[in-house]
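Take a look at the structure set out below.
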Amino acid sequence: MGSVSAIDSVIFRTLFGTEEIRQIFNDESYIKRCVDAETALARAQSKCNVIPSQIGAQVTQNAVASKLDLERLRHETEIVGYPILPLVRQLSALCGEEAGKYVHWGATTQDIMDLASVLQMKDGLVVVERLLRDVIKALRELSEKYRDTPMAGRTHLQHALPVTFGYKCAVWLSGFQRHLERLHELKDRALMAQFGGAAGSLASLGGGDDGLRVRKALAEELGLTDPSITWHVARDGVAETTNFLALLGGSMGKLALDIIIMSSNELGEVSEPFVPHRGASSTMPQKRNPISSEVILAASKVLRSNAGLVLDGMVSDFERASGPWHLEWVAVPESFVIAVGALFQTHFALSGLAVNTKQMLDNLHSTRGLIVAEAVMMGMAPYVGRQTAHDIVYEACRNSIEQEKSLFDCLLLKEEVTSKMSTEKLEALCNPENYLGAAPKMVDDVLAVKDL
């Protein structure tokens, strides 16, 4: 088996990723994209007449990743510290004497490694976007279906005010809608071509504009943005992408934490989709643990941790980092695999979420009206002032708790209340379902947002 990481584990891998995203970030994929970068560079240089016009096609035809000796590449990479020098040796040999001497023309190791990483990120973001849209669709359906379903809103884990479950889902949804906007915005900034040569100045191609023309042609070949300057030590694009995944993880983690708490026996308001033995205990037959949400919560923490790594990687020395760059080799692939796994689990949890509306209503009324204390206070405020109203209702709340009576009954005993408003009005104020504010309309506003 051999794996030492949960994301590559034969046992745990399906919890923390998908095979699709692993195929994008595995070793074979990385080396293939290094080869894609080298062949695209040769084509761009042929197009710009920097190398003979026929060389680009010859390199593309002969420099094939499947022909590489990967064990030799691994061994030589261990010695060199980077895979590009050993890779170029093999590619040059594959291309023959004439074309082989032009492989890696004017480039440096980091050019090719950055290009390979960016190409992986480009493909990875396609997967992220598709799953993000799936999550958005599931949340849209929940928000619309439960737009008017009342439940207890909670602050500091205590009843605060009534809301609707659709409102809660729409709050989740709004964050993912903004993530979709962020994803579209970051692509041009982050998915940049890299070709700068040894110190980024493209001096290897002379003092004219050959280097800049090649870089532009290279960007076109690979479908990337042509940057205005080399970004060997300006790592904001990589950091933005990885931090975007961390933001996405933060929203998934918040959603998962809510589901975990709401699925507790004490609340019982939602539960993850039922699959026989999912979340089962080895010793307690009754258990049905919220497994997807637990995995999402763990993934969220890993993503936030990796965000810190790439931010550290931005602090690079001079024109080529002496170590911080290596942090990306760990953080970026892991973040993509973890994020995609979490998105998959999020969609699974939401698409079959069991919602217990009766229990939501029971919980809403469980504090005998205390959840609408603000409603009564605001109803009294025009008569006695807000602060006095607060004090009156505060005392009534204490009476309700100590005497185990409803807030309505305790308020009826207060002359300063009954002298100002009718029993009917007080009863209406004490009904939690009458105090939803603009929550349903906010759901409509979120649903009205057009997804990009």
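Going by the working numbering, the letters in the sequence shown line up with residues 150 to 601, in that order. Even for Gly, the Cβ is constructed at its ideal location relative to N, Cα and C.
Practice task
Output the distance between the C-alpha atoms of residue 249 and residue 231, rounded to the nearest integer angstrom.
Solution key: A straight-line Cα-Cα distance of about 20 Å links residue 249 and residue 231.
Practice task
Could you tell me if the beta carbon of residue 181 falls within a distance shorter than 6 Å of some heavy atom in the ligand SAH?
Solution key: Ligands are entirely absent from the displayed structure, and the ligand SAH is therefore not among its contents.
Exercise for the section: Starting from residue 462, trace the alpha helix (DSSP H) both ways and give me its first and last residue. Expected result: Run containing residue 462: 440 to 462, per the alpha helix (DSSP H) assignment.
Practice task
Take the Cβ of residue 333 as the centre, count every other Cβ of all protein chains shown within 10 Å, and call the residue buried at 16 or more, exposed below.
Solution key: With fewer than 16 Cβ atoms within 10 Å of its Cβ, residue 333 is classed as exposed.
Practice task
Please determine, among 368, 382 and 154, the residue with the shortest C-alpha to C-alpha distance to residue 349.
Solution key: Residue 382 is the option with its Cα nearest to residue 349.
Problem - Spatially closest choice to residue 600 from 279, 257 and 201, by CA coordinates - result: Selected option, being the one with the closest Cα: 279.
Practice task
State the CB to CB distance for the pair residue 400 and residue 328, rounded to an integer number of angstroms; the pair is presumed to be in contact (CB under 8 Å).
Solution key: So it is a contact: roughly 7 Å between Cβ atoms.
Exercise for the section: Identify, in the order they occur along the chain, each residue of the same chain with its Cβ nearer than 7 Å to the Cβ of residue 484, setting aside the five sequence neighbours on each side. Expected result: The residues 391, 394, 452 and 455, in chain order, have a CB closer than 7 Å to that of residue 484 in the same chain once the five nearest residues on each side in sequence are set aside.
Exercise for the section: Counting only runs of 3+ residues fully inside the region 496 to 555, write out the beta strand (DSSP E) ranges in chain order. Expected result: Listed in chain order, there is nothing to give.
Handout entry: Cβ distance (whole Å) where residue 234 is taken to contact residue 211 below 8 Å
Key = At roughly 19 Å, the Cβ-Cβ gap does not stay under 8 Å, so residue 234 and residue 211 are not in contact.
Practice task
Count the other CB atoms, across all protein chains shown, that sit within 10 Å of the CB of residue 247; report buried if there are 16 or more and exposed otherwise.
Solution key: By the 16-neighbour rule on beta-carbons within 10 angstroms, residue 247 is exposed.
Problem - Integer Cβ distance of residue 191 from residue 252, believed to fall under 8 Å - result: Contact holds; Cβ gap of about 7 Å.
Practice task
Find out if the Cβ-Cβ distance for the pair residue 357, residue 255 is shorter than 7 Å.
Solution key: With contacts defined by Cβ atoms closer than 7 Å, residue 357 and residue 255 do not form a contacting pair.
Problem - Distance CB(residue 262)-CB(residue 384) smaller than 7 Å - result: For residue 262 and residue 384, no; Cβs fall outside 7 Å.
Handout entry: Cβ neighbours of residue 296 in the same chain (closer than 7 Å, five flanking residues each side left out)
Key = Same-chain partners within the cutoff: 313, 315, 589 and 592.
Handout entry: Pairwise C-alpha distance: residue 542 and residue 310
Key = When rounded, the separation of the alpha-carbon atoms in residue 310 and residue 542 is 15 Å.
Exercise for the section: Could you tell me whether the region 176 to 185 touches the region 492 to 510, using the rule of 3 or more Cβ pairs below 8 Å? Expected result: Taking a contact to require three or more Cβ pairs closer than 8 Å, the region 176 to 185 and the region 492 to 510 do not qualify as touching.
Problem - Enclosing alpha helix (DSSP H) for residue 567 [first to last residue] - result: Looking at the DSSP string, the run of the alpha helix (DSSP H) that includes residue 567 is 564 to 567.
Practice task
Using beta-carbon positions only, say whether residue 273 and residue 378 come within less than 7 Å of one another.
Solution key: In this structure, residue 378 does not lie closer than 7 Å to residue 273 by Cβ.
Handout entry: Span separating the alpha-carbon of residue 215 from that of residue 282
Key = When rounded, the distance between both Cα atoms is 34 Å.
Problem - Distance between beta carbons of residue 397 and residue 498, contact taken as under 8 Å - result: In fact, because the Cβ distance is near 15 Å, the residues do not count as touching under 8 Å.
Problem - Among 291, 530 and 563, nearest to residue 318 - alpha-carbon criterion - result: The candidate whose alpha carbon is nearest that of residue 318 is 291.
Exercise for the section: State buried or exposed for residue 532, treating a residue as buried only when at least 16 other CB atoms are found within 10 Å of its CB. Expected result: Label assigned to residue 532: exposed.
Practice task
In angstroms with no decimal places, state the Cα-to-Cα distance between residue 448 and residue 285.
Solution key: Spanning the alpha carbons of residue 448 and residue 285 requires a straight line of approximately 19 Å.
Problem - CA nearest to the CA of residue 240, picked from 228, 217 and 549 - result: Nearest Cα to residue 240 within the set 228, 217 and 549: 217.
Practice task
Helix, strand or coil for residue 572, going by three-state DSSP, please let me know.
Solution key: In the structure shown, residue 572 adopts helical secondary structure according to DSSP, grouped into three states.
Practice task
Identify the continuous beta strand (DSSP E) that holds residue 235 and give its terminal residues.
Solution key: No beta strand (DSSP E) contains residue 235, which is instead part of the alpha helix (DSSP H) from 233 to 249.
Practice task
Please determine, among 586, 163 and 561, the residue with the shortest C-alpha to C-alpha distance to residue 574.
Solution key: With distances taken between Cα atoms, residue 574 lies closest to 561.
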